[in-house]
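Below is one structure, written out as structure tokens, with a few remarks after it.
Residue numbers (my numbering), protein chains in the order written: chain A, 1 to 114; chain B, 1001 to 1111.
Following this line, the structure appears as structure tokens:
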């Protein structure tokens, strides 16, 4: 019962480098989300996908792109990393039919951009 | 002004005390209310959820919703050091979509 799996757990990037954060869920959820969490700012939604093949911008999408590869996987790409993107990134999923509540989160990716 | 306001704390209480955590909100469309617990360096995990107004109890935890005041609370009885974590409120017009989160309250239970 893995739930939501994120890779990598830690990453250090130099300014201008690119990388992709991977997320996979095994709960047959339709919706998936990418958040960043910064001190004093709480969880801020970057992008979300309500179903396979669809993606929408959240509160802070600038500098990020996403791909909903299939129902299980939702990746987040930083094309040209900036120090302002230093954060903890969480992937989450939701769904599961009647009576399902809330999101299931992954354990996070700690990203430092130097 | 944010849709959901939550005092960030930090809040420190002695072991065994009753803890009260609160959130206020402005969107009257919110119908589903949740509390998440987040341990250090972990992802948030769903602790409790309630629908509309009223109380819900689960062991030492009680969630309370007052829609007329747009105010929700989480009470922890007989607090334990293992309850030390950040608690985030979350709410939505739907059950599991479009959640809006509070910023979280950092709680420390002192043995």
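Even for Gly, the Cβ is constructed at its ideal location relative to N, Cα and C. Remember, it's a predicted structure, so these values are computed and weren't measured experimentally.
Query	Result
Where residue 40/A meets chain B, residues with beta-carbon distance less than 9 Å	1008, 1103
Best match in 111/A, 104/A, 91/A for proximity to residue 23/A [C-alpha to C-alpha]	91/A
Reduced DSSP category for residue 1081/B - H, G, I as helix; E, B as strand; rest coil	helix
Cβ-based burial, residue 1080/B [other Cβ within 10 Å; buried from 16]	exposed
Classification of residue 1044/B by the beta-carbon crowding that lies within 10 angstroms, buried from 16 upward	buried
Members of the region 1050-1076 of chain B that neighbour chain A once the beta carbon cut-off is set at 9 Å	1051
Residue-chain proximity (residue 1091/B, chain A), Cβ-Cβ < 7 Å	no
Member of 1111/B, 1048/B, 1091/B, 1082/B whose CA lies at the smallest distance from the CA of residue 1039/B	1082/B
Contact check, residue 1101/B vs residue 1088/B, beta carbons under 7 Å	yes
For residue 1073/B and residue 1055/B, the rounded distance between their alpha carbons	9 Å
Test: residue 1034/B CB closer than 7 Å to a CB of chain A	yes
Check whether residue 1049/B and residue 3/A have beta carbons under 7 Å apart	no
Euclidean distance between Cα positions of residue 1002/B and residue 62/A	20 Å
Residue 13/A and residue 113/A closer than 7 Å at C-beta	yes
Boundaries (first-last residue) of the beta strand (DSSP E) holding residue 1054/B	1054-1058
Residue-chain proximity (residue 1027/B, chain A), Cβ-Cβ < 7 Å	no
Beta carbon of residue 78/A nearer than 7 Å to that of residue 66/A	no
Cβ-based neighbour list, residue 108/A, same chain, cut-off 7 Å, excluding 5 preceding and 5 following	6, 88, 89, 90
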